[in-house]
Amino acid sequence: MNKEESLEDFWARYIKPSGQLGSDYWIYFAERLVDLATIPKDAAVLDIGTYDGNVLFKAMKKAGLRGCGVGVDIYGGGLKDGLTEVMERGLGTVIFAQMDAASLGFLPETYDSVLANFVGWDYCFDFDRMDFTAPDCRMAEIMRVLKPGGQVGIGFWIEQCDIEWIAEAFKRYLPECEEATGKRISSYGKENPKGYKAILHNSGFHNISVHVETTTFVSPDAATWWRQMKQAAREYFEKMPDLAKLEWFKEQVFADLQQFRSPKGIHFDKTVSYAFGTKF
324 MNKEESLEDF WARYIKPSGQ LGSDYWIYFA ERLVDLATIP KDAAVLDIGT
374 YDGNVLFKAM KKAGLRGCGV GVDIYGGGLK DGLTEVMERG LGTVIFAQMD
424 AASLGFLPET YDSVLANFVG WDYCFDFDRM DFTAPDCRMA EIMRVLKPGG
474 QVGIGFWIEQ CDIEWIAEAF KRYLPECEEA TGKRISSYGK ENPKGYKAIL
524 HNSGFHNISV HVETTTFVSP DAATWWRQMK QAAREYFEKM PDLAKLEWFK
574 EQVFADLQQF RSPKGIHFDK TVSYAFGTKF
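Under my numbering, the sequence shown is numbered contiguously, ending at residue 603.
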């Protein structure tokens, strides 16, 4: 960073731009979580389920150059990408570690802000019954490592219309795929604001708030959208009996897809909620 460069310009060089009409919704929703979260200047930030640091790098822009950030993930697949970014850019205040959020290896009252985007809480909470099915070790650890006055911010899915739509297409045209997997066609867990209010209240958080928003995303063309769906519902595509069947299914889907087309591309809505709580 040179002396004339602002903090925002410095971090902007390391953060991919987002846009509501883009197809990369992961970037957009990471920015929204950080925008809505209370992250003070010079903050110590912990990002749970960080993958490659998509949320963490954006949070560090808000914390400023004297802030520090740690990204943890129980799966190591994306961490090397985040570490590579840190090493290439010389970002000495950002580190990554493979770690289970239910057993965080940090001292108590270490962080000003803890973020968790799309990690899911169904491991211990039934969002249909609105009841705990197991102890919430993860939130207990978040409460432990937060400083007094610190905030936790969580992003979660309410509805992904494109995933719902492709799931219905599978059921309509290829019911055998659902039968082969033995479970409902869906690549995400649907949660709800009421459940997260209960989760945060159960762990002793105060000033609990929930923000819900629906955003339209546009894939530039049907081919791009198709690639996204093959990734999102890959376990069902893998059950395709043969390539001819796959091509037939693709033709049916593309014909039905016309209702979502505009001059800019293929439009689908995604509804996300963000829950926040403060440690007293």
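The beta-carbon is built from N, C-alpha and C at its ideal position, and this holds for glycine as well.
- Contact between the stretch 464-472 and the stretch 427-445 is present, with at least three C-beta pairs closer than 8 Å.
- Counting along the chain, Lys385 sits inside the alpha helix (DSSP H) bounded by residues Asn377 to Ala386.
- In terms of Cβ geometry, Trp480 and Gly512 form a close pair [threshold 8 Å].
- In this structure, DSSP gives Glu558 a helical state, which the three-state scheme calls helix.
- Around the beta carbon of Met552, 16 or more other beta carbons lie within 10 angstroms, which makes this residue buried.
- Excluding its 5 nearest sequence neighbours in each direction, Leu402 has C-beta neighbours in its own chain below 7 Å: Asp396, Phe419 and Gln421, listed in chain order.
- In this chain, the beta strand (DSSP E) harbouring Thr539 covers His529 to Ser542.
- Within the same chain, Cβ atoms closer than 8 Å to the Cβ of Pro564 are found at Glu499, the five residues on either side in sequence being excluded.
- Between Tyr434 and Gly473, the beta carbon gap of about 6 Å places them in contact (Cβ cut-off 8 Å).
- Per DSSP, reduced to three states, the secondary structure at Val595 is strand.
- If you ignore the 5 residues before and after Glu514, its C-beta comes within less than 6 Å of the C-beta of Phe450 and Phe479, all in its own chain and listed in chain order.
- Taking Thr537 as the centre and dropping the five residues before and after it, the same chain places the C-beta of Asp592 and Thr594 closer than 6 Å to its C-beta, in chain order.
- By the neighbour-count criterion, in which a residue is buried when 16 or more other Cβ atoms sit within 10 angstroms of its Cβ, Ser542 is buried.
- For Ala420, the enclosing beta strand (DSSP E) starts and ends at Val417 to Gln421.
- DSSP, reduced to helix, strand and coil, places Asn440 within a strand of the structure shown.
- The DSSP-derived three-state label of Phe577 is helix.
- Between the stretch 435-443 and the stretch 487-498, the count of Cβ pairs shorter than 8 Å is below three; the stretches do not touch.
- A straight line joining the alpha-carbon of Gly376 with that of Ser532 spans about 25 Å.
- Straight-line measurement puts the Cα of Lys573 at about 10 Å from the Cα of Ala567.
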